[in-house]
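Report on the structure given below.
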Ligand code: NI
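In this note's numbering, the protein residues as written are 969 to 1348.
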């Protein structure tokens, strides 16, 4: 396996993006290459994705590397000569890069399998953007023996050759809420005969924002966005119902609990304040991604020893289900500088292929180093 070949595989993946849980071609593509190279894959119980296993000596530690493989429903406008050939579907979050990167790492590790004092499990996870597959894989038992997990993510604001590594929280937890209010509809001229939900909605929107400004420390990061409001359908009728929905994100689990509690209390108070019934459905998504400090130190030292530049990773209020893996074992989510012209999830998103081979080599060396010297910082 060489750099040119790996870049060609990345371009193949980029040309053929597939939406979450429909990555059939991608899965077949991966399995063909893995099997042709004598790498075993595990049945996961999911229709797409796979887990590749590179086993050195029995009884040693197990390291997990994770790539996500799904694309987004976006029409590509990157102008690349290897742009998506699938209308309306695009690898706009660099998951093709992650897939090729961990495929490269798998092949590099396979070349030295006989000398590895343990096992590396490489997870090619479907539908990172939309489903709960990380949770499913973490509950499958296949990963129970993993002692440390690593994943990488493309990052347009860093140049190729640079990694962003940071201990502690780096990506936010993501929750979703839906609030329904029910009053009594009526003629707009006779509000006294109705229970109007509209003033309740207005008050709820304002008060919800005060949770962030008044119930969260200025030193903690949290976001509450109301993104969808619906009620009524004309100018002279007081509507009977209203709904609003939105999202809560935070980097701190205690802050997350507090915001949920305050939002539930606020919803309940609509009854005494406005006389309408109010119910909230609060759904918890991924936890915050909290990087292990020791794993970050080891990864950063190893990256520098390979001639990569390491900077402090920026935190993001977007989310990542890599946090599910970190609930099984410590590890780190690492930003891979891939340059480009815009942020992820946009039609002009690109990831510079130049960054690919060094990233694959980094993850292969990191996994090998974690097996050879578990828990130690290697400075060469
Ligand atoms: Ni992504």
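Note that the Cβ used here is the ideal one computed from N, Cα and C, for glycine as well.
Rounded C-alpha distance that separates residue i from residue j
i, j, result
"residue 1102", "residue 1251", "17 Å"
"residue 1263", "residue 1218", "22 Å"
"residue 1081", "residue 1046", "38 Å"
"residue 1177", "residue 1335", "44 Å"
"residue 1182", "residue 1175", "10 Å"
"residue 1236", "residue 1159", "22 Å"
"residue 1241", "residue 1223", "26 Å"
"residue 1315", "residue 1054", "13 Å"
"residue 1048", "residue 973", "18 Å"
"residue 1292", "residue 1300", "12 Å"
"residue 1011", "residue 1019", "7 Å"
"residue 1036", "residue 991", "11 Å"
"residue 1204", "residue 1145", "29 Å"
"residue 1157", "residue 1163", "13 Å"
"residue 1041", "residue 1276", "33 Å"
"residue 1133", "residue 1126", "12 Å"
"residue 1098", "residue 1039", "10 Å"
"residue 1071", "residue 1180", "42 Å"
"residue 1124", "residue 1311", "6 Å"
Residues near residue i by beta carbon distance below 7 Å, same chain, minus five either side
i, result
"residue 1065", "978, 1122, 1306, 1319 and 1324"
"residue 1298", "1116, 1260 and 1263"
"residue 1142", "1215, 1217, 1253, 1254 and 1287"
"residue 1069", "1035, 1120, 1324, 1327, 1328 and 1331"
"residue 1108", "1012 and 1013"
For residue i, three-class secondary structure by DSSP
i, result
"residue 1179", "helix"
"residue 1000", "helix"
"residue 1059", "coil"
"residue 1297", "coil"
"residue 1101", "helix"
"residue 1233", "helix"
"residue 1242", "helix"
"residue 1155", "strand"
"residue 1040", "strand"
"residue 1173", "helix"
"residue 1285", "coil"
"residue 969", "coil"
"residue 1133", "strand"
"residue 987", "strand"
"residue 1011", "coil"
"residue 1280", "strand"
"residue 1086", "coil"
"residue 1318", "coil"
"residue 975", "helix"
Neighbour-count burial assignment, residue i, 16 or more Cβ in a 10 Å radius
i, result
"residue 1044", "buried"
"residue 1229", "exposed"
"residue 1003", "exposed"
"residue 1187", "exposed"
"residue 1257", "buried"
"residue 1309", "exposed"
"residue 1025", "exposed"
"residue 1220", "buried"
"residue 982", "buried"
"residue 1063", "buried"
"residue 1289", "buried"
"residue 1119", "buried"
"residue 910", "Outside the shown range of the chain (969 to 1348) lies residue 910, about which nothing can therefore be said."
"residue 1096", "buried"
"residue 1212", "buried"
"residue 1173", "exposed"
"residue 1195", "exposed"
Proximal residues to residue i (C-beta, below 8 Å), its chain only, five neighbours per side dropped
i, result
"residue 1208", "1150, 1151, 1152, 1153 and 1165"
"residue 1030", "1086, 1087, 1088, 1089, 1113, 1114 and 1115"
"residue 1078", "1005, 1006, 1007 and 1022"
"residue 1372", "Look at the range of the chain in this structure, 969 to 1348, and you will see that residue 1372 is not part of it."
"residue 1284", "1138, 1139 and 1140"
"residue 996", "none"
"residue 1313", "1040, 1042, 1060 and 1061"
Residue i Cβ short of 7 Å to ligand 1 heavy atom set
i, result
"residue 1036", "yes"
"residue 1310", "no"
"residue 1096", "yes"
"residue 1155", "no"
"residue 1196", "no"
"residue 1121", "yes"
"residue 1063", "yes"
Contact set for residue i: own chain, Cβ-Cβ below 6 Å, skip 5 residues either direction
i, result
"residue 1052", "985, 1044 and 1058"
"residue 1135", "1259, 1261 and 1264"
"residue 1206", "1153, 1154, 1156, 1162 and 1164"
"residue 1332", "1073, 1076 and 1077"
Residue i: CB within 7 Å of a non-hydrogen atom of ligand 2
i, result
"residue 1079", "Ligand 2 is not among the ligands present in this structure, which contains only ligand 1."
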